[in-house]
Amino acid sequence: MASLSSLPGTANSIFSSNTHLKFRFPPSTLLSPPLCAAPYDRNTTTTSPPHQYRRNNNRYSPQSRPRRNNKQDYRRTTPPIEKEAGPVTLSPISAADVNLMTLCNEGKIDQVIEYISLGVAADFRVFETLLSYCTKLASLDVGERVHELLLRSPWSNNIELNGKLVEMYVKNGSMRSARKVFDKMLERKLELLHLMISGYAETGDGEGGLRLFEQVRKLRLLEPNVDTFLVVLSACASMGAVKQGFMYFELMKKEYGIVPSVEHYLGVIDVLGKSGHLNEALEFLEDMPIEPTKQVWETVINFARIHGDIELEDHTEELLVRLDSSRNMTDKTPAPFQKRHSEFNMLEGKDRANEFKSTIPHRADAYEKLKGLSGQMRDAGYVPDTRYVLHDIDEAAKEQALMYHSERLAIAYGLISTPARTTLRIIKNLRICGDCHNAIKIMSKIVGRELIVRDNKRFHHFRDGKCSCNDYW
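Below, the structure written as structure tokens:
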């Protein structure tokens, strides 16, 4: 075996003289032109020829592998698994398997909604029952779920169901959602307009109700009647709009030819009384072309008592005695509203409602929260009005009884069980007492939340120490 350096004509500068080849070169390979080069000259400025490549004949080299022209050889021998287009669908549930009306009558509303979501077809009666349930129990969360299912059903444009939907939102105090449904309806009834305007008035947005009435009136979509101007006057009263109240009162007579009834005059007195114009209300009452009823005089007495006008209260009491001689004048101070044992409050949360009664024990942390709030309320100027406690007990015990009224317990529980700044919705089956009304106004300012209380009279939106009813309910 010879070294490469001993071969004539080879480039010894490339390989070391001690390097020995372990294999034999064929003669043709050793003398082939690519391996032969001229002697290297440092003074030569000519560029070197490009590098020459040759194919490696080693069978283990990747270059020696035969080229496959058939592209299918690179594919898998087993067929690939095809991906499914979508999720696996459950076996359809037919209406014959589930009787939705039976479940509705049994009060299983959540199951009915779940079955409809799975594909069970619901008819008109089912949707009507669901919406009536949400309206009666003031369940806004469930009502919104029913609304979503109704939009995906063939009954989405039904006039009666959309009217039920508007009623549900109005009764729950969600006027924005009610207005969206009302605006999208293909056909509107006058009763539905009355419901919308009265809903705006009850939630403290009388201006929104008047704007809606003006839009309908100018576009001549509906013709106002006697009941229309009753709700319009209530909207004016809710916002203290005296000028607008008289304007609509005259508009009713001149443009639409409607003869005012006692209810319309009472509506104007309500506008004047809520805005504090008691003398004007009395003058308007005396100029009425019809005989004032007992209800009219009692309304004036109520406003005089609220505004502290004792002289007007005594005067109207004397006039009322002439009309109703059976009225007892010995005790002119009315008894405070008596809370019955059947009173309860409900704190509505997401997918559930908690019931509170002042006669049953509740969580200890709710009582502790209420005690802490009571101290902050006193610092903010709250003074308990013990006239609303009818029991013959001392003043300290009366204040203690007022503090644990069920609506306050419901609010305290909501404050510790819901995230901060969350709106609390309290449903009350009786009229809220005056002391609780003042207390909740102060509580709304302390906690920085909107507290919505629905009693048997109206909605009370407490925000920043004020109520939407303007202390008239």
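Just so we're aligned: the sequence shown equals residues 891 to 1363 in our numbering. Every residue gets a Cβ at the ideal spot worked out from N, C-alpha and C, and that includes glycine.
What does the Cβ neighbour count give for THR1254, buried or exposed, with the cut at 16 atoms within 10 Å?
It should be pointed out that residue 1254 corresponds to Ala in this sequence rather than to Thr. Here ALA1254 is exposed: its Cβ has fewer than 16 other Cβ atoms, across all protein chains shown, within 10 Å.
Between the segment 1123 to 1131 and the segment 1081 to 1098, do three or more beta carbon pairs fall short of 8 angstroms?
Contact between the segment 1123 to 1131 and the segment 1081 to 1098 is established, with three or more Cβ pairs separated by less than 8 angstroms.
Could you tell me which residues DSSP puts in a beta bridge with LYS1026?
The beta-bridge partner set that DSSP reports for LYS1026 is empty.
Classify ASP1325: buried if its beta carbon has 16 or more other beta carbons within 10 angstroms, exposed otherwise.
With 16 or more neighbouring CB atoms inside 10 Å of its own CB, ASP1325 falls in the buried class.
Does ARG1298 come out as helix, strand or coil in the three-state DSSP assignment?
The answer is helix: DSSP assigns ARG1298 an H, G or I state.
Straight-line Cα distance separating LYS1318 from LYS1347:
Looking at the backbone, the Cα of LYS1347 and that of LYS1318 are separated by about 10 angstroms.
Enclosing beta strand (DSSP E) for VAL988 [first to last residue]:
In the DSSP assignment, VAL988 falls outside any beta strand (DSSP E) and carries neither an H nor an E.
How would you call LYS1288, buried or exposed, if buried means at least 16 neighbouring beta carbons within 10 angstroms?
It counts as buried.
Where PRO1251 and LEU1314 are concerned, what is the direct C-alpha to C-alpha distance, given to the nearest angstrom?
Because the pLDDT at PRO1251 is just 46, under 50, the model does not fix this residue reliably, and the value given afterwards should be weighed accordingly. C-alpha separation (whole angstroms): 21 angstroms.
Assigned secondary structure, VAL1343 (DSSP; H/G/I helix, E/B strand, else coil)
Shown here, VAL1343 sits in a strand according to DSSP, grouped into three states.
For the alpha helix (DSSP H) holding ARG1069, just list the boundary residues, first then last.
For ARG1069, the enclosing alpha helix (DSSP H) begins and ends at 1065 to 1074.
Tell me, which residues are paired with CYS1357 by DSSP?
DSSP output for CYS1357 lists PHE1352 as bridge partner(s).
Assign GLU1081 to one of two classes, buried (16 or more other C-beta atoms within 10 Å of its C-beta) or exposed (fewer than that).
Per the 10 Å Cβ criterion, exposed.
Buried or exposed, going by whether 16 or more other CB atoms sit within 10 Å of the CB of GLU1004?
Exposed is the call here.
Just to confirm my understanding: we take ASP1354, look at its own chain, exclude 5 residues before and 5 after, and list those with CB closer than 6 angstroms. What are they?
These residues qualify, in order along the chain: LYS1335.
Where ALA1091 sits in the DSSP three-state scheme
Correct three-state label for ALA1091: helix.
On the three-state DSSP scale, how would you describe LEU1109?
Correct three-state label for LEU1109: coil.
For SER1151 and GLN1185, the rounded distance between their alpha carbons
In this structure, the CA atom of GLN1185 is about 13 angstroms from the CA atom of SER1151.
ARG1110 versus LEU1320, LYS1079 and MET1086, residue with shortest Cα-Cα distance:
When each option's Cα is compared against that of ARG1110, the closest is LYS1079.
For VAL1106, which residues of its own chain have a beta-carbon under 7 angstroms away from its beta-carbon, when the five flanking residues on both sides are left out?
The beta carbon of VAL1106 sits closer than 7 angstroms to the beta carbons of LEU1083 and LEU1112 from its chain, once the five residues preceding and following it are set aside; these are given in chain order.
VAL1122 and ILE1148 - do their beta-carbons sit closer together than 8 angstroms?
Contact flag unset, no.
With H, G and I counted as helix, E and B as strand and the rest as coil, what does DSSP make of GLU1181?
Of the three classes helix, strand and coil, the one that applies to GLU1181 here is coil, per DSSP.
Going by beta carbon distance, what residues of the same chain come within less than 7 angstroms of GLY1166, once the five residues before and after it are set aside?
If the five residues before and after GLY1166 are omitted, its C-beta is found closer than 7 angstroms to the C-beta atoms of HIS1197, all from its own chain and listed in chain order.
GLY1157 lies in the alpha helix (DSSP H); which residues open and close that run?
Per DSSP, the unbroken alpha helix (DSSP H) holding GLY1157 starts and ends at 1152 to 1164.
Rank VAL1211, GLY1304, SER1022 and VAL1279 by C-alpha distance to the C-alpha of ALA1256 and give the top, closest one.
Considering only alpha carbons, the answer is GLY1304.
Does the distance from the CB of GLY1033 to the CB of ARG1344 come in under 8 angstroms?
No, they are not a contact pair.
Rounded C-beta distance between LEU1172 and LEU1210? I'm assuming under 8 angstroms.
Contact flag wrong, Cβ pair sits at about 13 angstroms.
Helix, strand or coil: how does DSSP classify THR1130 here?
Per the sequence presented here, residue 1130 reads as Gly, with Thr not at that position. GLY1130 falls in the coil class under three-state DSSP.
Taking the alpha helix (DSSP H) that VAL1279 falls in, what are its first and last residues?
Careful: VAL1279 lies outside any alpha helix (DSSP H) and carries neither H nor E.
Delimiting residues of the alpha helix (DSSP H) encompassing CYS1326
1324 to 1337 is the span of the alpha helix (DSSP H), which, as asked, contains CYS1326.
Report buried or exposed for MET1142, applying the criterion of at least 16 other Cβ atoms within 10 angstroms of its Cβ.
Classification for MET1142: buried.
On the three-state DSSP scale, how would you describe SER1307?
Of the three classes helix, strand and coil, the one that applies to SER1307 here is helix, per DSSP.
Could you check where the alpha helix (DSSP H) with ARG1268 kicks off and where it finishes?
Under the DSSP assignment, ARG1268 falls in the alpha helix (DSSP H) whose first and last residues are 1254 to 1269.
Residues in the same chain with beta-carbon distance under 7 angstroms from GLU1285, minus the five sequence neighbours each way, listed in chain order, please.
Answer for GLU1285: THR1276, listed in chain order.
Going by beta-carbon coordinates alone, are LEU1055 and LEU1040 separated by less than 8 angstroms?
Inclusion of LEU1055 and LEU1040 in the CB contact set at 8 angstroms is warranted, their separation being smaller than that value.
For VAL1010 versus CYS994, is the C-beta distance shorter than 8 angstroms?
Not closer than 8 angstroms, so no.
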